[in-house]
Amino acid sequence: MNDSQRSDLWHEPLAIDRRGALKWGLLGAGGLSLAELLRREASGGAAAARSGNSVILLHMRGGPSQLETWDMKPHAPVEIRGEFQPISTSVPGIQICELLPQTAKIMHKWSIVRSLEHPKEYGDVSHSRGDQVVFTGHPPGPNADENIHPSVGSVISRQLQPLDRSMLAYVMVPRKIPGTGSAYLGPACEPFESQADPANRGAKFEVPNLAPPPGLAAERIDDRRGLARSLDRLRERAEQCAAMAAMDAYEQQAWELITGPRVRKAFDLDAEPASLRERYGYPPRYKARMRAGGDNPGWNQRLLLARRLVEAGVRMVTVDLRWWDTHDDNFWSLRNGFLPPFDQAYSALIEDLETRGLLETTLVVAWGEHGRTPRINKTAGRDHWMSAFSAALAGGGVQGGRAIGATDSHAAAVKENPKHPQDVLATIYRHLGVDANEHYADHAGRPVRVLPFGAPIDELF
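According to the numbering used here, the sequence shown is numbered sequentially starting from 586.
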């Protein structure tokens, strides 16, 4: 093997995901260690920490109805407007759904974008295809469940390092969904998945892979750690590569991620006062009546976990708030399942961030992958709708109490100030200081821009 071939192999992507590496990479006797993965991640993130900002993205998977949340049409015919009534908020002239009373009281702390639409040329971007668009900014690929372009979190992980070197850059709570992968940016930019779900009152919340494998005594860990150092020194002499001199720092960082207290502490919800956990809330006790399928919306504590993670230094936390796919029994499901817990947890998150002095540096985005049909169907539900949907944004310099854009009288089409998902992503990137014009080579070696188009939504600021 000549030097050129060796160099090519050295730069091949790692065939290991970040979560697996946390458990096994540092402890392995051979191959690429977690320390090397961290070194590569840092070299790819040359932009480093340009600011102390972070993002919490609340993904309301399934597509919440704009007509039952933030863009109500009380003067439309009953088959359009539905069963719920609008209520006034803390900002005169802005109304939202009556099932969001706590969120309405803090309207002055967050804003609405009511004029989102998918590019028409994308066609049907239901669910997983829509997930790809709102997470990557690119048209969906042929496989709906696997994005061919990197997610916003992966781009952030590539360009920026965590706010704390012993912390993770990009976390999914509880696990990846379509659109959230790293694609051609490689495994080092994959999200860390909490896997465990902090849902139920009294249940022990433990995140896998934040400790050495069971049965591996501390002495054996130290032995393997020493062996890894020896192999590193051997490789350094053999390759005569000056860059390897920095390995000790990254090996130490990998060690801290596995055995150090900071990551485990960030995931320790038991450290929170019981009163605050109650403020965020716990799952409602109800049986979903959505024949389209749906999880019991027990995600309140996930929002509290997201706050703990950004407070600890994580750059990007994506929280899966599924499953708003209300083809059937839309009003029953929203009244008895989805809107009350969202109202409680979202308002708690915004107030909690503000109390801790984190709201100004933390951008919170809540949205789904699309909206829902204006006309109610025969099973009292609403189907998928790409031409109009809404998003809620708070923190990160967003001026509260604004409603950006407008839809027509049926919330069927954007009539004023149209925006695309790419504009929301551009807003996220600017908040963090990420270069959305950067290009990365795809699997075919072609340079691809981070965002194909889009501009930050300046009206929010």
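C-beta atoms are modelled at their ideal positions from N, C-alpha and C, and glycine is treated no differently.
Taking 8 Å as the upper bound for CB-CB distance, Arg699 and Ala977 are not in contact here, some 10 Å apart.
Taking 8 Å as the cut-off, the Cβ atoms of Glu954 and Gly715 count as close. Counting only runs of at least 4 residues, the segment 882–950 fully encloses the following alpha helix (DSSP H) elements, listed from N- to C-terminal order: 885–897, 915–918 and 924–940.
Under the DSSP assignment, Lys1000 falls in the beta strand (DSSP E) whose first and last residues are Val999 to Glu1001. A straight-line Cα-Cα distance of about 21 Å links Gly956 and Ile641.
Inter-residue distance for Trp952 and Arg750 is about 30 Å (C-alpha atoms, whole angstroms). Leu1017 sits close to Ile741, with the two beta carbons spaced by under 8 Å. Rounded to whole angstroms, the gap between the alpha carbons of Leu948 and Arg1015 is 11 Å. By the C-beta density criterion, His703 is buried, having at least 16 other C-beta atoms within 10 angstroms. Closest option to Pro763, judged by alpha-carbon separation, among Glu668, Thr903 and Tyr865: Thr903.
Note on the segment 684–739: whole alpha helix (DSSP H) runs with a minimum of 4 residues are 686–690 and 713–721, in chain order.
The beta carbon of Gly1039 sits closer than 7 Å to those of Gly722, His1005, Gln1007, Asp1008, Leu1010 and Ala1011, all from its chain and outside the five residues before and after it, given in chain order. Contact between the segment 902–921 and the segment 753–771 is present: three or more C-beta pairs spanning the two stretches fall below 8 Å. Of the candidates Leu938, Leu894 and Trp884, the residue whose Cα lies closest to the Cα of Gly922 is Trp884. The Cβ atoms of Pro776 and Gly738 sit closer than 8 Å to each other. Note: Thr992 is bridge-paired with Val999 in the DSSP secondary-structure output. Between Asn1002 and Leu701, the alpha-carbon positions lie close to 9 Å from each other. Listed in chain order, the non-local C-beta contacts of Asp937 below 6 Å within the same chain comprise Arg892, local neighbours out to five positions each way being set aside. The segment 979–997 and the segment 1018–1032 do not touch, with fewer than 3 CB-CB distances between them shorter than 8 Å. Annotation for Thr992: Asp656, Arg699, Ser700, Ala973, Ala998, Val999 and Lys1000 place their beta carbon closer than 7 Å to its own, counting only its chain and skipping 5 residues before and after. DSSP, reduced to helix, strand and coil, places Arg957 within a strand of the structure shown. Under the three-state reduction of DSSP output, Leu753 falls in the coil class, being neither helix nor strand. If you ignore the 5 residues before and after Glu896, its C-beta comes within less than 8 Å of the C-beta of Ala851, Arg941 and Leu943, all in its own chain and listed in chain order. Cys682 is not a Cβ neighbour of Pro735, given a cutoff of 8 Å. Taking the Cβ atoms as the reference, Gly898 lies roughly 5 Å from Pro747, within the contact range of under 8 Å. Looking at the DSSP output, Gln680 bridges to Ser673. When rounded, the separation of the alpha-carbon atoms in Lys658 and Leu684 is 15 Å.
Less than 8 Å separates the beta-carbon of Val848 from that of Leu753.
Ala979 sits away from Tyr769, with the two beta carbons spaced by 8 Å or more. Between the beta-carbon of Phe916 and that of Glu706 there is about 33 Å, and that puts the pair past the 8 Å contact cut.
Rounded to the nearest whole angstrom, the C-alpha separation of Ala781 and Asp730 is 21 Å. Here Leu643 carries a strand assignment [DSSP, helix/strand/coil]. Counting along the chain, Leu978 sits inside the beta strand (DSSP E) bounded by residues Phe974 to Ala979. Around the beta carbon of Val983, a 10 Å sphere encloses 16 or more other beta carbons of the protein chains shown; the residue is thus reported as buried.
Leu890 is the residue among Trp970, Leu861, Thr688 and Leu890 whose C-alpha sits nearest the C-alpha of Glu791.
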